[in-house]
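*Asks:* Numbering (this note's numbering), first residue to last: 2 to 269.
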């Protein structure tokens, strides 16, 4: 196949590090600084600008914020695909960078949507906002599960839970930091400041998402080339098999309602 095409392989056994490295885990945690910035910008700053400053209805704003939870199957599909197929010669990093590039592209669209709202062109504004949040949600879900797989593979089996716990704690810890930073950056709405904020966030997020994982993926200890064996399911077959369990369907419904309501509750 051409170099830019997906290379299909059976699940690959990755080289497991012999020792747990705090430095390696903290470097991977830098990825979450960009994630916290992106989440706070959309969930708090854009939310406030639209409702408090531009007078937009709260319900559609909340729906756009919660839209990503309608796209959750993308995370399963992307994680499964990165387990079984390479993208541009890599199993993890290429998927992560592709997804995060969509998120970076969503920021200018978000700013453009606000510009049209200010001009009174609500229809164009809502369409651009929808496109921005579709890009944002798809990129976040497409890369999120693959990033956690990369973190897990960076540590020996006995310490993989610790590695994932550290990066998740960094994400949670930076939420209030970014909220305070954005609040002081723009205490009252200013279109120029907001545009600068979007541009700066896109650049800073791209920096952290790139640098924190560059070179982090180790070459597989043993690569098994060829098509999936008969005993291995495709992504769609695996999803159907899991979905047949009624407990899974009920748990998915519970999580969907809970997370969707959590994002909507401030806006209704």
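Where a beta carbon is used, it is the ideal one built from N, C-alpha and C, also for glycine.
This one's a predicted model, so the numbers in the text were calculated from it and none came from an experiment.
In the DSSP output, what is residue 91 paired with across the bridge?
*Replies:* DSSP lists 88 as partners of residue 91.
*Asks:* Taking only the alpha-carbon atoms, compute the straight-line gap between residue 72 and residue 193 and give it to the nearest angstrom.
*Replies:* Distance between the alpha carbons of residue 72 and residue 193 is about 32 Å.
*Asks:* Taking residue 115 as the reference, which of 202, 21, 57 and 39 has the closest Cα?
*Replies:* Comparing Cα positions, the closest option is 57.
*Asks:* With residue 97 and residue 30 assumed to form a contact (beta carbons below 8 Å), what rounded beta-carbon distance in angstroms separates them?
*Replies:* At roughly 14 Å, the Cβ-Cβ gap does not stay under 8 Å, so residue 97 and residue 30 are not in contact.
*Asks:* For residue 90 and residue 74, I'd like the C-alpha separation in whole angstroms.
*Replies:* Between residue 90 and residue 74, the C-alpha separation is close to 24 Å.
*Asks:* If the criterion is Cβ atoms closer than 8 Å, does the pair residue 164 and residue 152 meet it?
*Replies:* Going by C-beta atoms, residue 164 is nearer than 8 Å to residue 152.
*Asks:* Helix, strand or coil for residue 152, going by three-state DSSP, please let me know.
*Replies:* If DSSP states are grouped into helix, strand and coil, residue 152 belongs with the helices.
*Asks:* Could you tell me the distance, in whole angstroms, from the CA atom of residue 122 to the CA atom of residue 49?
*Replies:* Straight-line Cα distance between these residues: approximately 19 Å.
*Asks:* Using DSSP with H/G/I as helix, E/B as strand and the rest coil, what is residue 214?
*Replies:* It is coil, neither helix nor strand.
*Asks:* Less than 8 Å separating the beta-carbons of residue 117 and residue 129?
*Replies:* The answer is yes: Cβ separation under 8 Å.
*Asks:* Give me the residue from 22, 252, 244 and 172 with the minimum Cα distance to residue 38.
*Replies:* Residue 38 has its Cα closest to that of 172, out of 22, 252, 244 and 172.
*Asks:* Please report how far the alpha carbon of residue 157 lies from the alpha carbon of residue 21, in whole angstroms.
*Replies:* Cα to Cα, residue 157 sits roughly 6 Å from residue 21.
*Asks:* Exposed or buried, which one is residue 188 when buried takes at least 16 other CB atoms within 10 Å?
*Replies:* Looking at its Cβ environment, which holds fewer than 16 other Cβ atoms inside 10 Å, residue 188 is exposed.
*Asks:* Indicate the three-state DSSP secondary structure (helix, strand or coil) for residue 188 in the structure shown.
*Replies:* Three-state result, residue 188: coil.
*Asks:* Is DSSP giving residue 209 helix, strand or coil here?
*Replies:* Correct three-state label for residue 209: helix.
*Asks:* Taking the continuous alpha helix (DSSP H) assigned at residue 24, which residues delimit it?
*Replies:* 23 to 41 is the span of the alpha helix (DSSP H), which, as asked, contains residue 24.
*Asks:* I'd like the list of long-range same chain contacts for residue 149, defined as Cβ closer than 7 Å, with 5 residues on each side in sequence excluded.
*Replies:* If we look at residue 149 and ignore the five residues flanking it on each side, its Cβ neighbours are 165.
*Asks:* Cα-Cα, which of 27, 26 and 35 is closest to residue 179?
*Replies:* Ranking 27, 26 and 35 by Cα distance to residue 179 puts 35 first.
*Asks:* When burial is assigned at 16 or more other CB atoms within 10 Å of the CB, is residue 191 buried or exposed?
*Replies:* Exposed, since its Cβ has fewer than 16 Cβ neighbours within 10 Å.
*Asks:* Which residue comes first and which comes last in the alpha helix (DSSP H) that contains residue 66?
*Replies:* Counting along the chain, the alpha helix (DSSP H) containing residue 66 begins and ends at 59 to 67.
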